[in-house]
Amino acid sequence: MFKKVLVANRGEIALRVIRACKELGIKTVAIHSEADAGAMHTRAADERLCVGPAESALSYRNIPNVLSAAEITGADAIHPGYGFLSENAHFAEVCESIGVKFIGPTSENIALMGDKAKAREIVSSRGLPVTPGSPGELKSEQEAREAATKIGYPVIIKAAAGGGGRGMRVVNSTDELGRAFQAAQAEAKSTFGNDSVYLERYFLEPRHIEVQIAADVRGHVVYLGERDCSIQRRHQKLVEETPSPAVDEKLRREIGRVAVEAMKAVHYRNLGTVEFLLDKDRNFFFMEVNTRIQVEHPITEMVTGIDLIKEQITLADGQPLSFKQPDIRLNGHSLECRINAEDPEKFTPSPGLITRYSAPGGFGVRVDSAMESNALVVPHYDSMIAKLITHGRDRQEAMARMRRALDEFVIEGIKTTIPLHKRILTDPDFQKGHVSTTYLERFLAG
Amino acid sequence: MFKKVLVANRGEIALRVIRACKELGIKTVAIHSEADAGAMHTRAADERLCVGPAESALSYRNIPNVLSAAEITGADAIHPGYGFLSENAHFAEVCESIGVKFIGPTSENIALMGDKAKAREIVSSRGLPVTPGSPGELKSEQEAREAATKIGYPVIIKAAAGGGGRGMRVVNSTDELGRAFQAAQAEAKSTFGNDSVYLERYFLEPRHIEVQIAADVRGHVVYLGERDCSIQRRHQKLVEETPSPAVDEKLRREIGRVAVEAMKAVHYRNLGTVEFLLDKDRNFFFMEVNTRIQVEHPITEMVTGIDLIKEQITLADGQPLSFKQPDIRLNGHSLECRINAEDPEKFTPSPGLITRYSAPGGFGVRVDSAMESNALVVPHYDSMIAKLITHGRDRQEAMARMRRALDEFVIEGIKTTIPLHKRILTDPDFQKGHVSTTYLERFLAG
Amino acid sequence: MSRKKPRKARIPGTPIVLPGSFGTKSAQDAAAQTRQIQELIDLLKRNHLTELEIERAGIRIRVRHEIGIKTVSASVSEAGQASAPAVTPQAVPASDLLEVAAGHITITSPIVGTFYRSPSPDADPYVEEGDYVKKGQVLCIVEAMKLMNEIESEVDGRITKILVESTKPVEYGQALFLIDPKATP
Amino acid sequence: MSRKKPRKARIPGTPIVLPGSFGTKSAQDAAAQTRQIQELIDLLKRNHLTELEIERAGIRIRVRHEIGIKTVSASVSEAGQASAPAVTPQAVPASDLLEVAAGHITITSPIVGTFYRSPSPDADPYVEEGDYVKKGQVLCIVEAMKLMNEIESEVDGRITKILVESTKPVEYGQALFLIDPKATP
């Protein structure tokens with residue numbers, strides 16, 4: 108087993124990884140930028156090291172400094188968390204080359220899945236359902252036009268290297284295609300340095316369903332149920348839950364089987380998430396694979412009882428999966444609300460000093476956060492400051508628990524999205540499970 | 108269902124009950140003494156009311172004031188928590204007579220189980236195993252001498268109305284009996300106002316195993332696994348766990364069956380705990396029934412997923428049990444550490460202002476506490492200020508999680524038992540599960 | 247201590263007596279104490295507490311914020327030179343409590359119940375604002391568990407304020423009347 | 247801004263310059279600012295932080311507590327009359343940072359790596375305490391990822407203190423040398 112893990116991240120996920128390491132008896136090294144000196148994650152670790160100024164490109168994303176930090180502290184593995192270097196195939200490769208274990212999939216896995224068009228192609232070639240779309244990269248507007256006509260409007264143009272909604276354009280008719288294609292290409296180029304785009308059918312009111320999978324070095328792959336992440340604002344998830352109100356046992360097994368096959372096809376290792384789109388007629392289509400631990404992983408932990416971060420670590424160490432498919436039983440229901448330091452109506456960031464912080468507690472309530480009273484929310488990074496997770500015997504109980512936990516949560520000094528979450532949790536459509544990826548937009552407008 | 112519940116308690120259990128009511132959509136009334144004005148439980152409730160000065164006899168135990176509080180606030184039920192009025196049969200009876208539901212067993216259940224000797228007699232008469240002892244009250248020293256000779260030394264003399272170690276005397280030989288009998292009688296008289304005593308065999312290094320049961324008005328009784336509460340100091344529990352390392356599936360079913368039969372014999376209603384003594388040869392003996400929710404109930408919630416406080420409320424409302432015996436599956440392992448405001452070596456109380464309070468979080472960690480930064484631990488009541496509960500897939504994981512959670516727990520300004528818990532959690536005997544009710548005494552001496 | 251008596255009929259109200267001074271030994275001490283009290287008040291407000299009590303070296307300071315009434319009251323009692331015991335389960339005797347207000351005595355409810363200003367719905371109120379009352383005179387009834395508990399005045403004086411409406415619930419220690427003990431008819 | 251350069255050989259150290267004053271406009275302002283800084287320092291210490299930065303109405307205050315070195319340093323920079331932007335992802339230019347110490351300049355490590363005082367194990371150290379150095383002179387090497395990065399002095403002056411032992415790891419921004427820029431040979 109690893110003796111010392113360097114955690115190449117900050118905030119709640121860094122703390123989450125440090126906690127898992129402590130429980131496994133592994134020493135930890137925290138890295139931090141100058142803006143994060145004294146942040147909770149640095150105090151929780153056994154060692155800490157400043158790796159650069161506030162800008163993440165010069166600190167948390169600074170590969171030479173991060174690797175030097177591992178070298179001089181004698182860390183034998185690096186956990187990248189999510190964001191930053193977590194889906195950087197080059198970083199994973201360099202780690203491997205200098206003998207520091209990258210806790211995640213192989214660099215080949217990351218590189219392959221990073222090319223969304225190629226990933227779709229491979230999955231499709233195995234006979235698995237992918238969203239109807241162009242087989243690969245669209246070389247020209249003409250190609251795009253032909254593909255769109257074949258698939259049928261509306262379609263969506265996406266950047267191959269994309270994510271987070273950047274480089275995407277919805278096209279409703281042939282008239283709109285030319286301009287949209289050029290705009291998407293330009294945005295892909297400027298955002299990702301790669302103007303490669305592809306095209307898919309655009310679904311109205313689809314659900315975002317993702318399947319957590321885990322794979323060991325022997326090639327065993329297990330799925331751990333799905334997560335419904337349909338509640339998004341500008342492709343940023345706000346509320347997640349498992350099981351999905353739209354997925355029954357039969358559909359769960361089907362989607363799970365597809366996810367496992369897709370991962371086997373690419374010789375996937377460690378943890379990953381296969382994203383699907385579920386349409387109103389319960390057809391599901393492969394979208395992409397996230398090759399990192401995800402923000403919303405705790406809800407899967409709550410219903411399976413399995414610590415996914417520990418599993419990542421033991422899998423990276425070459426150990427077999429600690430469970431087999433029949434061991435995975437989904438107990439009850441779990442919800443997660445992402446609490447962001449943002450104005451709950453205008454969504455403008457609200458960094459600053461937290462003058463009072465008091466997290467909810469009691470049965471079925473979990474808080475993953477690196478905040479506390481008198482902590483400073485620095486403006487340089489992601490605005491998510493806490494994940495509030497509840498678990499109940501059923502969806503009703505998980506929701507009731509979330510409402511009372513949101514009521515208990517005190518964060519003063521900055522604005523947060525807690526009031527928005529309270530509104531969502533009392534919305535009749537949400538309570539009935541009638542949501543899709545367009546739900547929040549309508550909810551906010553209404 | 109009840110519209111409004113008055114919570115006749117304070118501290119973490121009052122908050123626990125208020126949380127359950129909120130999740131059930133029931134309004135709450137907090138009562139408090141003058142010393143507790145502004146305590147967290149009063150802020151969490153919908154209404155609050157001062158019922159007397161600091162002394163609990165004049166406030167939390169003041170039956171007229173508590174009932175007046177229910178009357179003037181229009182509460183239709185009272186949850187007594189543990190301690191205070193929770194096992195007062197008279198209080199339960201008065202509640203019933205004025206049409207306010209007492210959330211707990213019937214007053215007859217409480218009265219019967221409050222007489223420990225009589226309870227043993229009834230259980231024994233059903234052919235269920237009770238600790239070998241006098242059949243009922245010992246009228247004279249001569250009766251005690253005869254009973255002890257029949258059972259064999261060592262024996263323990265206990266107050267019939269007793270609890271918490273008061274009025275107990277261990278007798279090793281016939282020479283010691285006379286003095287011990289008189290002393291136990293005198294202490295029973297002065298402590299409980301009743302000099303009735305009985306006598307049982309005294310076991311060396313037994314385990315304290317208790318079974319959680321739940322019963323509805325139709326007479327269905329279900330057991331929810333056992334709790335091992337062997338780690339005690341002067342009969343005060345410090346660490347509890349479930350499942351017990353000493354109980355396997357077969358023994359669990361046997362003890363569970365006995366517990367259910369005993370409760371059926373007395374027409375028990377609502378939640379209760381049947382306490383057993385488990386000797387080194389895995390023989391178990393009925394000791395007594397606790398007719399209240401217990402401090403350590405959360406560990407049972409963690410492994411069953413069932414909210415016991417909500418179950419108390421719905422059962423008191425006359426609803427059927429929300430589960431059947433086959434629904435009860437014990438998932439994983441759970442531990443609880445009681446954090447007391449005490450010197451961790453001398454056990455002297457340490458009331459005062461908590462200058463900084465930061466509770467641990469993350470996966471598998473639950474904190475039940477009504478404390479926060481700048482809260483005052485008043486000297487008038489119980490010293491327990493927090494319950495730290497962990498859950499893991501197995502005992503190893505629950506222990507590792509407890510160690511890291513204890514490391515994370517920050518309580519400044521007063522002394523707490525956290526350092527003692529850290530020592531226990533790293534003790535090889537504890538880690539192997541080799542404990543008994545004499546464990547802590549030896550551990551503290553060693 | 248009258249406020250500790252269990253419920254029974256004719257329980258006299260608990261007056262809160264206003265002292266001449268905080269009882270400190272010098273002007274310097276007084277200033278330091280004022281600052282300390284201000285700090286406690288700030289702490290109290292900042293933390294949304296309703297009561298805060300500190301006891302150290304024979305000085306006991308208690309700050310209380312009645313959320314309903316929106317006033318801040320502070321009381322100080324000095325236990326002499328001897329250092330106070332670490333644990334003091336006893337409540338402060340009522341006569342040591344000070345009301346930082348306009349020199350009035352407060353009659354508080356010794357029990358939880360329902361406040362009635364008259365012996366029966368169609369009877370006249372026991373007292374009105376502006377009335378002069380004698381020590382021992384019945385001021386009101388607090389009903390609890392069907393028992394009518396008459397609350398008496400403990401001082402001679404003039405009722406300057408009736409703080410609770412008839413038929414309203416009252417908690418333990420709730421202020422019912424303000425009496426000016428210096429007023430004479 | 248030299249401190250933002252990616253790793254390469256011969257990265258000059260980042261001096262921290264001591265200013266003449268805090269740059270405030272009047273004595274009154276200065277006093278208010280001192281109080282404010284003191285409050286920040288207290289907040290910092292109370293919360294075991296190592297750094298706290300506040301930006302408001304064109305004033306930027308940054309307080310930092312180097313846990314290793316056990317000194318408290320504070321820096322203030324004024325952005326003029328215009329109200330500062332709410333979000334400032336840019337680091338403060340090095341020349342605006344002030345070291346509240348004995349008038350010395352600190353040479354810090356611009357990268358994470360291993361500190362070496364000499365070019366090879368059997369070579370003499372680049373500099374010793376007491377040496378006079380010229381701007382541009384190599385003071386040490388910080389090795390990272392098998393690359394030797396020479397750290398140069400940015401000023402003329404005398405090495406008054408070497409703060410790190412050879413072969414020890416250093417983090418980004420760690421102080422390596424103190425230089426007295428007023429000293430002349």
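Chains as they are written, first to last, in the working numbering: chain A, 108 to 553; chain B, 108 to 553; chain C, 247 to 431; chain D, 247 to 431. Note that CB positions come from ideal geometry on N, CA and C, so glycine has one too. Please read all numbers here as calculations on a predicted model, not as lab measurements.
Which residue from the options puts its Cα closest to that of residue i?
{"i": "E244 (chain B)", "options": "B:I210, B:E200, B:Q292, B:R233", "result": "B:Q292"}
{"i": "G425 (chain A)", "options": "A:R276, A:R155, A:K208, A:V112", "result": "A:K208"}
{"i": "M394 (chain A)", "options": "A:V158, A:I263, A:F198, A:V173", "result": "A:I263"}
{"i": "H61 (chain A)", "options": "A:V517, A:F516, A:Y488", "result": "Since the first residue of chain A shown is 108 and the last is 553, residue 61 (chain A) is not available in this structure."}
{"i": "S193 (chain B)", "options": "B:F537, B:D501, B:N377, B:N447", "result": "B:N377"}
{"i": "V358 (chain C)", "options": "B:S247, B:Y167, B:K246, B:E253", "result": "B:Y167"}
{"i": "N279 (chain B)", "options": "B:F310, B:A493, B:A552, B:V328", "result": "B:F310"}
{"i": "N438 (chain A)", "options": "A:S429, A:M409, A:E130", "result": "A:M409"}
May I have the straight-line CA-CA distance separating residue i from residue j, to the nearest angstrom?
{"i": "E178 (chain A)", "j": "R150 (chain B)", "result": "51 Å"}
{"i": "A366 (chain A)", "j": "Y260 (chain A)", "result": "27 Å"}
{"i": "F391 (chain B)", "j": "A196 (chain B)", "result": "28 Å"}
{"i": "I387 (chain C)", "j": "T462 (chain A)", "result": "46 Å"}
{"i": "T407 (chain B)", "j": "S175 (chain B)", "result": "34 Å"}
{"i": "I531 (chain B)", "j": "P456 (chain B)", "result": "20 Å"}
{"i": "F361 (chain D)", "j": "G269 (chain A)", "result": "40 Å"}
{"i": "K428 (chain D)", "j": "E400 (chain D)", "result": "14 Å"}
{"i": "R233 (chain A)", "j": "G412 (chain A)", "result": "32 Å"}
Might you give, ordered along the chain, the residues of its own chain that have their beta carbon closer than 8 Å to the beta carbon of residue i, omitting 5 neighbours on each side?
{"i": "M147 (chain B)", "result": "L122, A477, M478, E479, A482"}
{"i": "R389 (chain A)", "result": "A353, L358"}
{"i": "G363 (chain A)", "result": "V318, Y330, G332, E333"}
{"i": "L422 (chain A)", "result": "A321, A322, D323, V324, R376, N377, L378, L428"}
Beta-carbon of residue i versus every beta-carbon of chain A: anything under 7 Å?
{"i": "E417 (chain D)", "result": "yes"}
{"i": "T406 (chain D)", "result": "no"}
{"i": "R155 (chain B)", "result": "no"}
{"i": "P431 (chain D)", "result": "no"}
{"i": "D183 (chain B)", "result": "no"}
In its own chain, which residues sit with a C-beta less than 6 Å from the C-beta of residue i, not counting the 5 before and 5 after it?
{"i": "A224 (chain A)", "result": "G243, E244, A267, Y305"}
{"i": "P451 (chain A)", "result": "T524, P526, L527"}
By the 10 Å Cβ neighbour count, where 16 or more other Cβ atoms means buried, how is residue i classified, buried or exposed?
{"i": "M108 (chain B)", "result": "exposed"}
{"i": "Q432 (chain B)", "result": "exposed"}
{"i": "S163 (chain A)", "result": "buried"}
{"i": "V277 (chain A)", "result": "exposed"}
{"i": "Q503 (chain B)", "result": "exposed"}
{"i": "A340 (chain C)", "result": "Only weak support is given to the placement of A340 (chain C): the predicted model assigns it a pLDDT of 34, under 50, and the value that follows is read from those uncertain coordinates. It is buried - the Cβ of A340 (chain C) has at least 16 other Cβ atoms within 10 Å."}
{"i": "Q401 (chain B)", "result": "buried"}
{"i": "A287 (chain A)", "result": "buried"}
{"i": "D222 (chain A)", "result": "buried"}
Counting only the same chain and skipping the five closest in sequence on each side, list residues whose C-beta sits under 7 Å from that of residue i.
{"i": "A226 (chain B)", "result": "L219, M220, E395, V396"}
{"i": "A127 (chain A)", "result": "D414, I416, K417, I420"}
{"i": "I258 (chain A)", "result": "P239, G240, R308"}
{"i": "V472 (chain A)", "result": "T497, R508, A512"}
Using a Cβ-Cβ distance cut-off of 7 Å, determine whether residue i contacts chain C.
{"i": "A121 (chain B)", "result": "no"}
{"i": "I179 (chain B)", "result": "yes"}
{"i": "G159 (chain B)", "result": "yes"}
Examine chain B for any beta-carbon lying closer than 7 Å to the beta-carbon of residue i, and answer yes or no.
{"i": "D475 (chain A)", "result": "yes"}
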